[in-house]
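Reviewing the structure listed below.
Numbering (the numbering used here), first residue to last: -17 to 295.
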């Protein structure tokens, strides 16, 4: 196969570093030479312009810069070529760090201690052992399994829920619609790492949150969402926090991003907000992986980490 050009089609951030690293081995362009540019063989994308890929006759594969691929499926002119999702050790490490950080902060009563510090209160509340706390992870893909492994090593009880059955040693696993409520009722801290698909959009709603176990060693249930913003309904989370359905929440993603300055989530006393920063894609690590995949594909090898178009992830 002759090496063609890479189309770097991104919105929402400056592409220069990605372009520099990908250009080490291939020619990279930010726009095709016309709607039917025959020189483009790969596309590296993040929220690409609609229909920019539709008519490229020699496009062989699409690579997502981020862990999610819902932005790719939002393109009405998406061509029928393989889509590769990001799986990288550093991305998994970042997400695992974030999940464990937030679980430990809620478990060790960080919100209470910060409040006490601001009021100069010297008081040591009762602290339950990790084994008394059940962390439920929604989404047992590579990110969810890595987080589960580390949480188990810290002594937490870990549950896992996925759309289809996925077994994991040491984790109580649930799957499908039938397994969702039993999973929630056995969970104290809910960690959301699901992909965004038509079936999962809005899944974190008031009806789901009210099924979480509330009589537990934390004094209430906790939500951590580091997956996709449109998995949740922001208004339902606020309702659950205000009426005591949720004790606390750590949110890295939101229905609208950046989170509008008018959102009450910014100033809510029970909410910890981060700006979609749990696992930022690092071009230094990811660009070489993409280039190796392209080279291997041209040698006749299969692409790794292909998206299942039917499942949407």
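Glycine residues also receive a C-beta, built at the ideal position from the N, C-alpha and C atoms.
Query: Compute the Euclidean distance between the alpha carbons of residue 264 and residue 208, then round it to the nearest angstrom.; Result: 17 Å
Query: What span of residues does the beta strand (DSSP E) with residue 230 cover, start to end?; Result: 230 to 233
Query: Pop quiz: residue 59 and residue 180 are said to be a contact at Cβ under 8 Å. What is the actual Cβ separation, rounded to whole angstroms?; Result: Between residue 180 and residue 59 the Cβ distance is about 19 Å, and since that is not below 8 Å, they are no contact.
Query: For my contact list, residue -13 and residue 11 are in at a C-beta cut-off of 8 Å; report their separation, rounded to the angstrom.; Result: 6 Å
Query: Could you pull out every residue in the same chain whose Cβ sits closer than 7 Å to the Cβ of residue 78, ignoring the five residues on either side in sequence?; Result: 128, 129, 132
Query: Taking buried to mean at least 16 other C-beta atoms within 10 Å of its own C-beta, is residue 238 buried or exposed?; Result: exposed
Query: Give the secondary structure of residue -9 by DSSP, where H, G and I count as helix, E and B as strand, and everything else as coil.; Result: strand
Query: Excluding the 5 residues preceding and the 5 following residue 34 in the sequence, name in chain order all residues of the same chain whose CB lies nearer than 6 Å to its CB.; Result: -9
Query: Excluding five sequence neighbours on each side, which residues of the same chain lie with their C-beta closer than 7 Å to the C-beta of residue 72?; Result: 264, 267
Query: At 4 residues or longer, and completely inside the region 72 to 157: list those alpha helix (DSSP H) runs for me, N to C.; Result: 92 to 101, 124 to 135
Query: Sort 216, 231, 24, -5 by Cα distance to residue 9 and report the nearest one.; Result: 24
Query: Using the Cα positions of residue 74 and residue 65, report the straight-line distance between them to the nearest angstrom.; Result: 20 Å
Query: Return the first residue and the last residue of the beta strand (DSSP E) that residue 271 is part of.; Result: Not the beta strand (DSSP E): residue 271 falls in the alpha helix (DSSP H), residues 265 to 280.
Query: Using a Cβ-Cβ cut-off of 8 Å (strictly less than) and excluding sequence neighbours within five positions of residue 51, which residues of its own chain qualify?; Result: 65, 67, 177, 289, 294, 295
Query: Could you check what DSSP says for residue 214 in three-state terms: helix, strand or coil?; Result: strand
Query: Where residue 162 and residue -2 are concerned, what is the direct C-alpha to C-alpha distance, given to the nearest angstrom?; Result: 43 Å
Query: Going straight from the alpha carbon of residue 147 to that of residue 156, what length do you get?; Result: 7 Å
Query: Count the other CB atoms, across all protein chains shown, that sit within 10 Å of the CB of residue 104; report buried if there are 16 or more and exposed otherwise.; Result: exposed
Query: If the criterion is Cβ atoms closer than 8 Å, does the pair residue 206 and residue 173 meet it?; Result: yes
Query: Could you have a look at residue 43 and say whether DSSP puts it in helix, strand or coil?; Result: strand
Query: On the DSSP letters alone, give me the boundaries of the alpha helix (DSSP H) that residue 54 sits inside.; Result: 52 to 55
Query: Quick one: grab the DSSP three-state call for residue 204.; Result: strand
Query: Report buried or exposed for residue -7, applying the criterion of at least 16 other Cβ atoms within 10 angstroms of its Cβ.; Result: exposed
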